[in-house]
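Heads up: the sequence shown begins at 9 in the working numbering, then just goes up one per residue.
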Amino acid sequence: MQFKKNIPNAITSLNLISGCVGILFALRGFTELAAMMIVAAALFDFLDGMAARLLHVSSTIGKELDSLSDLVSFGVLPGALVFVMLELRAPVWFYYFALLIPVFSAIRLAKFNLDTRQSESFLGLPVPANALFWVGITYINLMAGETHMNLILKSIVGQPLIIIMLTVFLSLLLVSELPLFSLKFKNLEWGKNQIRYIFLGLAMILLIWLGVSSLPMIIVLYVLLSIFANLKTFKHAD
């Protein structure tokens with residue numbers, strides 16, 4: 009029973025290891041590998057929750073370990089990626105805007121752990137979504153192929169001022185009260201999961217079309233669909 013109870017925590021630890029390895033990669037200039045460590049961490053973050061539900065186990069230490077791992081993998085690591093991007097393009101004092109990401113990610117995670125309103129949906133952008141946004145931006149700026157679309161995207165999001173503006177905006181979005189839908193399915197009914205199916209379908213199309221470069225667009229799509237769903241709910245309530 010003790011072994012079964014620790015399986016989700018072991019998977020969470022793989023999330024943490026991915027974040028730590030990614031930070032080392034970023035500091036040593038292996039930016040592509042660092043960005044991919046966020047993707048690996050996101051996979052482990054998904055699997056630890058799934059394992060806990062399938063095994064019907066949960067613990068207070070598991071919840072705390074999950075938050076601490078997320079702070080490293082989805083807070084400190086994307087902050088390191090943004091630091092590297094600004095280091096290549098901006099005056100020295102601009103680099104430190106990147107520190108907003110781990111700071112606001114920590115605040116977001118602390119709020120989430122104490123907020124009982126976020127069991128069915130989210131208030132503010134989840135830290136894994138923010139981290140995946142920066143994976144896409146990093147890929148566009150540093151690793152993307154020279155296709156016509158990638159060149160257009162790079163000309164927009166490759167400017168230091170744009171990177172800083174995105175950093176500030178997304179950091180504030182992390183701690184905002186904006187309601188965002190969860191991707192957890194309680195059943196497969198279209199009526200109760202319409203927004204989720206639409207999002208997943210459009211996200212798949214973007215991924216097939218643009219690959220990793222589509223991640224920022226997918227996160228923007230997630231936010232816009234959430235706002236649309238909230239407006240629709242508000243109109244029905246009236």
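Even glycine gets a Cβ: it sits at the ideal position worked out from N, Cα and C.
None of the values given here were measured: they were computed from a predicted structure.
Shown here for residue 17: same chain residues with a beta carbon closer than 8 Å to its own, the five before and five after excluded, namely 56, 67, 69, 70 and 73 in chain order.
A contact between stretches requires three or more CB pairs, one per stretch, nearer than 8 Å, and the stretch 78-94 meets this requirement with the stretch 133-141. Less than 8 Å separates the beta-carbon of residue 24 from that of residue 77. Selection 160, 172, 150 and 212 evaluated against residue 38 yields 150 as nearest (Cα-Cα).
At least 8 Å separates the beta-carbon of residue 26 from that of residue 54. About 7 Å separates the beta carbons of residue 220 and residue 143, which is inside the 8 Å limit, making them a contact pair. In the DSSP assignment, residue 189 falls outside any alpha helix (DSSP H) and within the unbroken beta strand (DSSP E) covering 187-189. Within the stretch 85-172, the beta strand (DSSP E) runs of at least 3 residues that lie entirely inside it are, in chain order, 129-131. For residue 222, no alpha helix (DSSP H) run applies, since DSSP gives it neither H nor E. Annotated as distal: residue 90 and residue 117, with beta-carbon spacing of 8 Å or more.
Counting C-beta atoms within 10 angstroms of its own C-beta, residue 147 has 16 or more neighbours from the protein chains shown and is therefore classed as buried. Only residues of its own chain outside the window of five on either side were considered, and among them none has a CB closer than 7 Å to the CB of residue 236.
Inclusion of residue 175 and residue 108 in the CB contact set at 8 Å is warranted, their separation being smaller than that value.
For residue 67, no alpha helix (DSSP H) segment is defined, and its DSSP state is neither H nor E. If you ignore the 5 residues before and after residue 215, its C-beta comes within less than 6 Å of the C-beta of 222, all in its own chain and listed in chain order. Short of 7 Å from the beta carbon of residue 201, and not among the five residues preceding or following it, lie these beta carbons of its own chain, in chain order: 193.
Only residues of its own chain outside the window of five on either side were considered, and among them 112, 115, 116, 119 and 132 have a CB closer than 8 Å to the CB of residue 183, listed in chain order. For residue 80, the secondary structure class from DSSP, reduced to helix, strand or coil, is helix.
By a beta-carbon distance limit of 8 Å, residue 207 does not contact residue 129. Their separation comes to about 13 Å.
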